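Asker: Handing you this structure, nothing more for now.
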Amino acid sequence: MTTLAPPAVRVKEPTAAGRGRSGSVAWMALPALLMFIAFGVIPLLGVLGLSFTTWDGLGTIHVTGLTSWKAELKDPELPHSLWVTFKIMILSWLVQTPISILIGVFLASFKRYRGLLAVLYFIPLLLSSVAISITYKALLDPNFGLGTGLGIGFLNQDWLGSSTLAIWVLVFVVSWQYIPFHSLIYQGAVRQIPTSMLEAAQIDGAGRMRQFFSITLPQIKYTIITSSTLMVVGSLTFFDLIYVLTAGGPGDSTRALALEMYRKGFMANLMGPASAIAVILVLVGLLLAQLLRRLGGRGDESQLEGA
Amino acid sequence: MAAIDTSAPARKGTTPLGRLLRLNWLGGSFAWLWLVVVMVPIYWIVITSVKTSENYFFTNSMLPPKEITFENYKLVFQNDIVHYFLNSVIVSVGAVVPAVGISFMAAYAIVRGAGNRWLRAMNTLFLLGLAIPLQAVIIPVYLIIIRLKLYDTLLAIILPSIAFAIPLSVLVLSNFVRDVPRELFESMRMDGATEWGTLWRLAFPLTRPALVTVTIYNALGIWNGFLLPLVLTQSPDKRTIPLALVSFQGQFQVNVPAIAAAVTLTTLPILLLYAIGRRQLLSGLTAGFGK
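Line by line, the protein sequences give chains A and B.
Take the first sequence: its position 211, counted from the start at 1, is 211 in the working numbering, and no numbers get skipped.
Take the second sequence: its position 217, counted from the start at 1, is 524 in the working numbering, and no numbers get skipped.
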């Protein structure tokens with residue numbers, strides 16, 4: 001077999017080549033389609049169906065109409081877990097975005113150690129949330145952890161024992177895990193800004209701040225939307241991290257939606273209400289994704305034309 | 308402040324773009340500071356793993372030990388880590404190979420059969436599938452696995468892992484198959500090659516970099532997966548690495564160096580793979596986002 005580099009030529013119109021004989025290739029898509037229907041589409045419809053049933057996870061499933069929904073919507077844990085979810089989402093967005101943009105712009109303009117930095121930055125993304133959580137749990141020990149070792153008294157708090165601090169620990173660990181990734185995305189975006197625009201701005205005498213806010217930021221607008229969508233929608237599914245690091249505690253102060261669903265379903269054996277939470281999770285995710293897309297403005301204007 | 312000095316000699320390490328952006332000290336200090344933040348836990352876990360458990364509570368947690376011990380690693384090996392490791396290998400390979408294979412076939416069909424409206428509909432379905440989080444469908448997946456009598460087997464983890472790897476794999480791979488010049492497909496057809504033959508002899512070698520990227524990316528996600536093993540298995544001998552780590556944590560309790568050794572040991576293979584395939588992964592991911 002030859003090892004050719006992927007050709008640079010792009011064929012934009014994919015039609016004619018396949019037309020007429022498409023019947024002979026369609027079968028190749030079948031295995032993927034069937035697999036995805038069996039474990040993706042059917043479960044998605046199934047979770048909606050199960051939210052109208054009563055099931056303990058073992059015995060028979062009884063269709064009970066709105067019973068599970070009524071029970072779930074009355075449970076004060078639902079608004080609480082929604083609140084926790086949004087708190088983690090917003091705080092981690094607020095922490096990650098400015099730092100990622102700053103580092104991204106820096107990496108784009110700094111060549112010497114960029115390769116090395118990119119390699120090291122990528123490491124947190126390779127580790128499992130479980131390994132990261134276990135590490136931080138030990139590292140944040142108020143008596144034998146980071147604070148004592150470095151001799152910094154501020155770090156010697158009972159991080160995971162206080163409900164206000166625990167949520168910040170989650171936000172920090174999330175940032176630790178994902179800031180490098182978002183920085184790399186921003187770095188790629190900044191490198192695509194046409195140099196002519198920056199030159200023009202400098203000739204016009206724009207200062208460093210002005211240049212950042214009038215050119216760099218508007219030029220990476222779509223990347224900000226993409227990165228924010230990944231952050232926001234991704235934060236709905238934080239499960240491993242919370243499960244291992246705080247288990248939702250202390251009390252229920254970090255019990256986000258995904259964990260609440262797991263507890264209801266697999267610990268309290270209330271699969272009906274748990275399915276209702278799962279449906280809410282999907283709806284919130286779709287809603288947020290749409291919202292962010294709207295925020296991105298009319299998709300028809302080209303990013304290169306500038307705002 | 309606003310002086311234009313394009314004639315100024317290039318500052319070391321700065322790109323032309325960097326001069327235009329005027330290398331900012333704020334971003335610079337954040338980048339290096341964040342590097343320290345990223346490295347501290349990694350440094351800590353490695354030095355802690357070679358401390359003796361008796362000494363751990365009496366030494367400074369941020370300083371390496373005076374004498375290195377591998378007792379903790381021995382303890383981890385005595386606790387079946389090799390078995391859990393093999394489970395993770397079986398699950399990862401068993402899921403990634405078929406997932407990438409069928410995704411590649413689907414991507415090929417989508418590009419080659421672009422006129423077919425069923426294939427177009429299927430492509431849309433996969434795109435929508437990108438938005439389905441695994442957490443949201445875990446309950447029905449659990450139900451399906453029970454009904455298939457697969458509960459508490461490694462196959463129970465493998466099947467949903469394959470399905471959830473498909474949407475992104477198809478998206479990335481079809482972008483790359485689309486880049487294969489049409490003339491090459493035509494000449495294959497002239498030579499009398501079947502679509503199946505073209506898939507393997509033309510599209511496969513030309514999209515190999517993308518296939519490697521997709522394989523690494525999926526393998527990483529499945530290797531580190533926690534929810535599926537947690538919900539779909541229960542016996543200790545079916546544990547994968549993340550589940551084993553959590554149970555070690557419960558078992559070793561205050562023996563922090565042993566936990567550190569377990570974390571280090573289970574992370575090492577990933578770091579090694581990364582060292583080998585990092586160029587592929589980084590460039591592949593950047594290309595994927597650029598499209």
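Ideal Cβ positions, reconstructed from N, Cα and C, are used throughout, including at glycine.
In this text the structure is predicted, and so the values were computed from the model without any measurement.
Tell me the rounded alpha-carbon separation between Leu102(A) and Ser183(A).
Answerer: Numbered from its first residue, the first sequence carries residue 102(A) at position 102. Numbered from its first residue, the first sequence carries residue 183(A) at position 183. Going by the C-alpha atoms only, they are around 8 Å apart.
Asker: Check this for me: beta carbons of Val404(B) and Ile464(B), under 8 Å apart or not?
Answerer: Counted from its first residue, the second sequence places residue 404(B) at position 97. Counted from its first residue, the second sequence places residue 464(B) at position 157. No, the pair does not count as a contact, with Cβ atoms beyond the cut-off.
Asker: Quick check on Asn613(B) - is its C-beta less than 8 Å from some C-beta in chain A?
Answerer: Nothing in the structure corresponds to residue 613(B), since chain B is present only between 308 and 598.
Asker: In angstroms with no decimal places, state the Cα-to-Cα distance between Ala582(B) and Asn269(A).
Answerer: Here residue 582(B) refers to the residue found at position 275 when the second sequence is read from its first residue. Here residue 269(A) refers to the residue found at position 269 when the first sequence is read from its first residue. Cα to Cα, the separation comes out at about 44 Å.
Asker: With a CB to CB cut of under 8 Å and the five nearest residues on each side skipped, what residues in its chain are close to Arg21(A)?
Answerer: Taking the first sequence and counting its residues from 1, the one referred to as residue 21(A) is at position 21. Reliability of the predicted coordinates at Arg21(A) is poor, the pLDDT of 49 falling under 50, and no value is obtained from them.
Asker: Where does Thr60(A) sit, in a helix, a strand or coil, going by DSSP?
Answerer: Residue mapping note: residue 60(A) aligns to position 60 of the first sequence, counting from 1. If DSSP states are grouped into helix, strand and coil, Thr60(A) belongs with coil.
Asker: Using DSSP with H/G/I as helix, E/B as strand and the rest coil, what is Arg294(A)?
Answerer: Looking up residue 294(A) in the first sequence gives position 294. If DSSP states are grouped into helix, strand and coil, Arg294(A) belongs with the helices.
Asker: From the DSSP output, read off the bridge partner residues of Thr195(A).
Answerer: To locate residue 195(A), count along the first sequence from 1; it is residue 195. Looking at the DSSP assignment, Thr195(A) forms no beta bridge with any residue, so it has no partner.
Asker: Measure from the alpha carbon of Asp56(A) to the alpha carbon of each residue in Leu107(A), Ala189(A), Leu286(A) and Arg263(A), then state which is nearest.
Answerer: As a first step, residue 56(A) must be located in the first sequence, where it is residue number 56. Of the listed residues, the one whose Cα sits closest to Asp56(A) is Arg263(A).
Asker: What does the Cβ neighbour count give for Asp240(A), buried or exposed, with the cut at 16 atoms within 10 Å?
Answerer: In the first sequence, residue 240(A) corresponds to position 240, counting from 1. By the 10 Å Cβ count, Asp240(A) comes out buried.
Asker: So which of Gln541(B), Ala526(B) and Ala565(B) has the shortest CA-CA distance to Gly584(B)?
Answerer: Position 277 of the second sequence, counted from the start, is the residue given in the question as residue 584(B). Comparing Cα-Cα distances from Gly584(B) to each of Gln541(B), Ala526(B) and Ala565(B), the minimum goes to Ala526(B).
Asker: Quick one, which residues of the stretch 420-439 of chain B are near chain A if we go by CB-CB under 8 Å, in chain order?
Answerer: Listed in sequence order: Gly420, Ala421, Gly422, Asn423, Trp425, Leu426, Met429, Leu432, Phe433, Gly436, Ala438 and Ile439.
Asker: Would you mind giving the Cβ-Cβ distance between Gly532(B) and Pro543(B), rounded to the nearest angstrom? I have them listed as a contact below 8 Å.
Answerer: In the second sequence, counting from the first residue as 1, residue 532(B) sits at position 225. In the second sequence, counting from the first residue as 1, residue 543(B) sits at position 236. 18 Å between Cβ atoms; not a contact.
Asker: Count Cβ pairs between the stretch 441-457 of chain B and the stretch 270-281 of chain A that sit closer than 8 Å; are there 3 or more?
Answerer: Contact holds: three or more Cβ-Cβ distances are below 8 Å.
Asker: Can you check DSSP and say which residues form a bridge with Thr308(A)?
Answerer: As shown, chain A starts at 1 and ends at 307. That puts residue 308(A) outside it, with no answer to give.
Asker: My understanding is that Ile90(A) touches Ile179(A), with C-beta atoms under 8 Å, so please give their C-beta distance in whole angstroms.
Answerer: Numbered from 1 along the first sequence, position 90 holds the residue referred to as residue 90(A). Numbered from 1 along the first sequence, position 179 holds the residue referred to as residue 179(A). Not a contact, Cβ separation roughly 16 Å.
Asker: If you drop the 5 nearest sequence neighbours on each side, which residues of the same chain put their C-beta closer than 6 Å to that of Arg546(B)?
Answerer: Along the second sequence, read from residue 1 onward, the residue named residue 546(B) stands at position 239. Around Arg546(B): Tyr391.
Asker: Does any residue of chain A bring its CB to less than 8 Å from the CB of Ser599(B)?
Answerer: With chain B represented from 308 up to 598, any question about residue 599(B) goes unanswered, as that position is not in the structure.
Asker: Whole angstroms are fine: how far does the CA of Leu125(A) sit from the CA of Leu287(A)?
Answerer: Counting from one through the first sequence, the residue named residue 287(A) turns up at place 287. Counting from one through the first sequence, the residue named residue 125(A) turns up at place 125. Roughly 27 Å between the two C-alpha positions.
Asker: For Phe555(B), report the span of its alpha helix (DSSP H) as first-last.
Answerer: What you label residue 555(B) is simply residue 248 of the second sequence in a count that begins at 1. Ile548 to Phe559 is the span of the alpha helix (DSSP H), which, as asked, contains Phe555(B).
Asker: Whose C-alpha, out of Leu245(A), Ile225(A), Gly272(A) and Ala247(A), is nearest the C-alpha of Asp295(A)?
Answerer: Position 295 of the first sequence, counted from the first residue, corresponds to residue 295(A). Position check: residue 295(A) holds Leu in this sequence, whereas Asp was assumed. Considering only alpha carbons, the answer is Ile225(A).
Asker: Using the C-alpha atoms, what's the distance from Leu580(B) back to Val347(B)?
Answerer: Along the second sequence, read from residue 1 onward, the residue named residue 347(B) stands at position 40. Along the second sequence, read from residue 1 onward, the residue named residue 580(B) stands at position 273. Their backbone Cα atoms lie some 22 Å apart in a straight line.
Asker: With distances taken Cα to Cα, identify the nearest neighbour of Gln187(A) among Arg114(A), Ser51(A) and Leu44(A).
Answerer: Counting from 1 along the first sequence, the entry for residue 187(A) is found at position 187. It is Arg114(A) whose Cα lies nearest to the Cα of Gln187(A).
Asker: For Ser476(B) and Ser410(B), which I take to be in contact (beta-carbon distance under 8 Å), what is that distance rounded to the nearest angstrom?
Answerer: As a position in the second sequence, residue 476(B) is number 169, starting the count at 1. As a position in the second sequence, residue 410(B) is number 103, starting the count at 1. Confirmed, Cβ separation roughly 4 Å.
Asker: Quick one: which residues of the stretch 243-257 of chain A get their C-beta closer than 8 Å to a C-beta of chain B? List them in chain order.
Answerer: Answer set for the stretch 243-257 of chain A: Tyr243 and Val244.
Asker: Kindly indicate if chain B contains any beta-carbon less than 8 Å away from that of Tyr121(A).
Answerer: The sequence position of residue 121(A) within the first sequence is 121, counting from 1. At least one chain B Cβ lies under 8 Å of Tyr121(A).
Asker: By alpha-carbon positions, which one of Phe511(B), Leu535(B) and Thr514(B) ends up nearest to Thr460(B)?
Answerer: Residue mapping note: residue 460(B) aligns to position 153 of the second sequence, counting from 1. Nearest of Phe511(B), Leu535(B) and Thr514(B) to Thr460(B), Cα basis: Leu535(B).
Asker: Under a Cβ-count criterion, where at least 16 other Cβ atoms within 10 Å of its own Cβ denotes burial, should Gly499(B) be classed as buried or exposed?
Answerer: Your numbering for residue 499(B) matches position 192 in the second sequence. By the 10 Å Cβ count, Gly499(B) comes out exposed.
Asker: Where does Lys381(B) land, buried or exposed, given buried means 16+ other C-beta within 10 angstroms?
Answerer: Numbered from its first residue, the second sequence carries residue 381(B) at position 74. So Lys381(B) counts as exposed.
Asker: Give the interface partners of Ser410(B) over in chain A, defined as CB-CB distance under 8 Å, in chain order.
Answerer: By 1-based counting over the second sequence, the position of residue 410(B) is 103. The answer, in chain order, is Ala32.
Asker: Go through its chain and collect everything with a Cβ distance to Gly23(A)'s Cβ below 6 Å, but skip five positions before and after it.
Answerer: The residue given as residue 23(A) occupies position 23 in the first sequence. Low per-residue confidence applies at Gly23(A): pLDDT is 49, beneath 50, and the placement is therefore not dependable enough to give any value.
Asker: Alpha carbon to alpha carbon, how far is Val521(B) from Val479(B)? Give it in angstroms, no decimals.
Answerer: As a working note, residue 479(B) is residue 172 in the second sequence. As a working note, residue 521(B) is residue 214 in the second sequence. Each residue's alpha carbon lies about 8 Å from the other.
Asker: Along the chain, where does the alpha helix (DSSP H) that runs through Phe337(B) open and close?
Answerer: Taking the first residue of the second sequence as position 1, residue 337(B) is located at position 30. Segment Trp332 to Ser356, the alpha helix (DSSP H) holding Phe337(B).
Asker: Quick one, which of Ala289(A), Leu291(A), Gln290(A) and Phe266(A) has its alpha-carbon nearest Pro447(B)'s?
Answerer: Locating residue 447(B) in the second sequence gives position 140, where the first residue counts as 1. Ranking Ala289(A), Leu291(A), Gln290(A) and Phe266(A) by Cα distance to Pro447(B) puts Phe266(A) first.
Asker: By how many angstroms is the C-alpha of Pro43(A) removed from the C-alpha of Ser196(A)?
Answerer: Numbered from its first residue, the first sequence carries residue 196(A) at position 196. Numbered from its first residue, the first sequence carries residue 43(A) at position 43. Each residue's Cα considered, the two are about 51 Å apart.
Asker: State the Cα-Cα distance for the pair Val47(A) and Gly436(B), rounded to the nearest angstrom.
Answerer: For the purposes of this step, residue 47(A) is taken as residue 47 along the first sequence, with counting starting at 1. For the purposes of this step, residue 436(B) is taken as residue 129 along the second sequence, with counting starting at 1. So the two alpha carbons sit approximately 15 Å from each other.
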